[in-house]
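In the working numbering, the protein residues as written are 25 to 146.
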Ligand code: SAM
């Protein structure tokens, strides 16, 4: 099974200039914990999680670019899901954005998606 088989239909992303409150709303409305941050062309700039939002509240940060993680661990569509599971575990994260060769965001793959896949196979 490859990343492309597990990919969600639409990629929910945040723009770098979006307010932190808008990003928080997007997470709540879509029931997600991770949002890839993209530029005007949809290229990956960073990732923001609900943990980063908590951090923003604690430190009173106002800008998304200040709280997002800029060095992002990613997945490619043609990688096996097993490889991504190992990558997620190694970096102690819970999800990775899926990007193409031009760094365009195609979606997200989370530890939750992977456990759901394993459950459906058994
Ligand atoms: N090893 C990390 C540490 O000790 O700081 C643990 C992750 S920590 C609980 C959550 C942080 O990981 C957040 O700041 C979030 O932005 C970042 N993060 C989540 N997914 C990521 C990914 N795919 N690539 C890089 N950072 C990520």
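We put the beta carbon where it would ideally sit given N, CA and C, even for glycine.
query, result
"Give, in chain order, every unbroken run of the alpha helix (DSSP H) that is at least 4 residues long and sits entirely within the region 60–98.", "74–83 and 88–91"
"Using the C-alpha atoms, what's the distance from residue 116 back to residue 109?", "11 Å"
"Got a sec, what are the start and stop residues for the alpha helix (DSSP H) residue 108 sits in?", "105–114"
"Please enumerate, following chain order, all residues with a beta carbon closer than 5 Å to at least one heavy atom belonging to the ligand SAM.", "71, 73, 75, 76, 93, 96, 97, 116, 117 and 120"
"In the DSSP output, what is residue 51 paired with across the bridge?", "Residue 51 pairs with nothing; no bridge assigned."
"If distances are taken between C-alpha atoms only, which option among 77, 87, 59 and 64 comes closest to residue 98?", "59"
"Compute the distance between the beta-carbons of residue 88 and residue 42, then report whether it is under 7 Å.", "yes"
"Is the beta carbon of residue 51 less than 7 Å from the beta carbon of residue 74?", "yes"
"Going by DSSP, what residue range makes up the beta strand (DSSP E) through residue 142?", "Here residue 142 belongs to no beta strand (DSSP E); instead the alpha helix (DSSP H) covers 135–145."
"List the endpoints of the continuous alpha helix (DSSP H) containing residue 124.", "Counting along the chain, residue 124 falls outside any alpha helix (DSSP H), and DSSP gives it neither H nor E."
"Classify residue 76: buried if its beta carbon has 16 or more other beta carbons within 10 angstroms, exposed otherwise.", "buried"
"Can you tell me whether residue 133 is buried or exposed, with buried defined as 16 or more other CB within 10 angstroms of its CB?", "buried"
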